[in-house]
Amino acid sequence: MREHGEQLSKLVEERTHSLTTANRQLHTEIAERVKVEKSLARAHRRLLMVLDSLDVIIYVVNMASYEILFMNRHAREIFGDGTGRICWTVMQCSQDGPCNFCSNKKVLADNAAKRGLGDVYVWEHQNTVTHEWYEHHDRAIKWMGDIRAKLSIVTDITERKNNEAREREVRELLEQGISQRTAELEKVHRQLLHSAKLSAVGKLAASIAHEFNNPICGIRNVLDGLQRRAKLEGEDLQMVDLAIRECGRIARLTKDLQSFNRPTSGKETLVDVHAALEDILLLCRKNLKNKRISLVKEFAPSLPGIQAVEDQIKQVFLNLLTNAEEAITAETGTITVRTEVRQGYVAVQFQDSGYGIVPENKERIFEPFFSTKSAAKGTGLGLSVSYGIVTRHGGTIEFESTPGIGSTFTVLLPVEGRT
């Protein structure tokens, strides 16, 4: 019995010692755990302070319920405190469900594959007052234990987007300016080529005219003498008449060729444009009347004089008026001659109701020897000669034409004293 008591006492003592040791260990563990929890709490507070100090939007969303679990200070300043609310109602990017650009599925897929890539996308936020852009960087995380959540770090890229938009506008303006400048340079290049071509043709024309003029005059004199002295009848007389007329046509052609290289007179005087026009209109009035073409004059009340070679300017007016007349193939038609002062230039317009110029011929209209008329009606030098005369006087010739409606040619000549 005594032995049994001693054993029981010893057992109790051992058990007490064991419990005491276990209690001391438990107290130690509890103390360590409290210490760790306090340390974690301090780390959590420091983390929140760091997250709140960042000027980027940071928030955490429950992937299952779309409930916002955390928003940093900057996110709360932008969207208000949305903790505990559904994300799309706080962000105002949707009314009744997840946004069409929601990255939940993508983030979950990346996390399941252990790639840890997350998702990056750009979100445009616009209302009646502001228009902002945000760049999202999303990643799957564990929140408060086992909650599957999405961490979103959002950067405001509105300024970058606005800068990109301004850069695009500037680039478009530059491209537009370059295209416009290129077109202007191409136009100037064509004009230079045209001027060079006129100069080359002018030299050739002068040479041809010189070589042709004397023989043609001699042939015509022989034919005139033959017509006066010989007793020609029937077909012989007709053939001589035809030969004389053809000599006259060749003489006129050589005259045109000569005017291509040098003026008929080189003396510039103060020219009254209205008086010069009246002389040409008087010359052409009978022919216009025979063709039943109405002539309308719309002259400016007063027109300054121009420094020009008068007979050359008259030749330009005659060429343009003749072209207008020949463009009218209907039984009746109208030619309007109009004058005005236009920014330091005297403008003279010849508008006809003829057949117009087809688009494919507009680029070639001032080329030497280019003509839409038959060989019997034109040599293709009238407009080229006129263009050369006007440019030598410091002016230009413009035209507008619509097939089937008519054409308008405008001669612009600088007023007296303009350089």
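The sequence shown lines up with residues 16 to 434 when you count with this note's numbering.
From the three backbone atoms N, C-alpha and C, an ideal C-beta is built for every residue, glycine too.
Check your understanding: Under 8 angstroms between the Cβ atoms of Tyr360 and Leu428?
Key -> yes
Check your understanding: If we ignore side chains and look at the alpha-carbon of each, how far apart do Pro418 and Gln330 end up?
Key -> 26 angstroms
Review point. What is the DSSP secondary structure of His59, counted as helix, strand or coil?
Key: It is helical.
Practice item. Pair every Cβ in the segment 318-325 with every Cβ in the segment 286-305, then say whether three or more of these pairs are closer than 8 angstroms. Key: yes
**Study point:** Ranges of the beta strand (DSSP E) found wholly within the segment 339-365, counting only runs of at least 3
**Key:** Annotation: the segment 339-365 contains the following complete segments of the beta strand (DSSP E) (minimum length 3 residues), in chain order: 348-357.
**Study point:** DSSP three-state assignment for Ala79, whether helix, strand or coil
**Key:** The answer is coil: DSSP assigns Ala79 none of H, G, I, E or B.
Point to revise | Unbroken stretches of the alpha helix (DSSP H), 4 residues or longer, contained in the segment 261-329 | key: 288-305
Review point. Does the Cβ-Cβ distance between Gly403 and Val426 come in under 8 angstroms?
Key: No.
Exercise for review: To the nearest angstrom, report how far apart Phe227 and Glu261 are at their CA atoms.
Suggested key: 13 angstroms
Review point. Nearest to Leu310 by alpha carbon, out of Cys102, Val185, Phe365 and Ser416?
Key: Phe365
Check your understanding: Between Ser167 and His151, which are expected to be in contact by the criterion C-beta below 8 angstroms, what is the C-beta distance as a whole number of angstroms?
Key -> 6 angstroms
Point to revise | Residue range of the beta strand (DSSP E) that includes Leu427 | key: Gly421 to Pro429
Review point. Whose CA, out of Glu325, Met78, Val405 and Arg91, lies closest to the CA of Cys117?
Key: Met78
Check your understanding: Applying the criterion that 16 or more other CB atoms from any shown protein chain within 10 Å of the CB defines a buried residue, is Glu199 buried or exposed?
Key -> exposed
**Study point:** C-alpha gap between Pro278 and Glu415, whole angstroms
**Key:** Bear in mind that the predicted position of Pro278 carries a pLDDT of just 49, short of 50, making it too unreliable to give a figure here.
Exercise for review: Work out the CA separation of Tyr149 and Lys10 for me, nearest whole Å.
Suggested key: Residue 10 cannot be examined here, being either before or after the span of the chain that is shown, 16 to 434.
Check your understanding: Helix, strand or coil: how does DSSP classify Tyr370 here?
Key -> DSSP places Tyr370 outside both helix and strand once states are collapsed to three, so it counts as coil.
Practice item. List the whole-angstrom C-beta distance separating Thr269 from Ile231, where the pair is believed to meet the contact cut-off of C-beta under 8 angstroms. Key: For a cut-off of 8 angstroms, the C-beta gap from Thr269 to Ile231 is around 7 angstroms, short enough to register as a contact.
Check your understanding: On the premise that His89 lies in contact with Leu69, defined as a C-beta separation below 8 angstroms, what is that separation, rounded to the nearest angstrom?
Key -> 7 angstroms
Practice item. Using alpha carbons as the reference points, say which of Ala258, Gly112 and Thr31 lies closest to Gly240. Key: Ala258
Check your understanding: Where Ile343 and Leu335 are concerned, what is the direct C-alpha to C-alpha distance, given to the nearest angstrom?
Key -> Taking the straight line from one Cα to the other gives about 13 angstroms.
Review point. Are Val76 and Cys102 close, meaning C-beta to C-beta below 8 angstroms?
Key: yes
Point to revise | Lys129 versus Glu182: straight-line alpha-carbon distance, rounded | key: Unreliable positioning characterises Lys129 in this predicted model, as indicated by a pLDDT of 48, which lies under 50. A coordinate reading is not provided.
Check your understanding: In whole angstroms, what is the alpha-carbon distance linking Arg30 and Glu21?
Key -> 14 angstroms
Exercise for review: Express the C-alpha separation of Ser24 and Thr35 in angstroms, rounding to a whole number.
Suggested key: 16 angstroms
Review point. Taking just the CA atoms, how far does Glu184 sit from Gln322?
Key: 47 angstroms
Practice item. Using DSSP bridges, identify the partner residues of Lys165. Key: Val76 and Ala155
Check your understanding: Below 8 angstroms between beta carbons: does that hold for Ile308 and Glu340?
Key -> Going by C-beta atoms, Ile308 is nearer than 8 angstroms to Glu340.
Point to revise | Burial state of Lys50, where buried means 16 or more other Cβ atoms lie within 10 Å | key: exposed
**Study point:** Where Asp256 falls: helix, strand or coil (DSSP)
**Key:** helix
Point to revise | Cutoff 7 angstroms; reference Gly371; Cβ partners in own chain excluding five residues on either side | key: Ser416, Thr417, Pro418, Gly419, Ile420, Gly421 and Ser422
Check your understanding: In terms of residues, what are the limits of the beta strand (DSSP E) holding Phe381?
Key -> Where Phe381 is concerned, there is no enclosing beta strand (DSSP E), given that its DSSP letter is neither H nor E.
**Study point:** Option nearest Phe332 by Cα separation, candidates Ser194, Arg48, Asn177 and Leu298
**Key:** Leu298
Check your understanding: Which residue or residues does DSSP assign as beta-bridge partners of Ser416?
Key -> Paired residues: Ser422.
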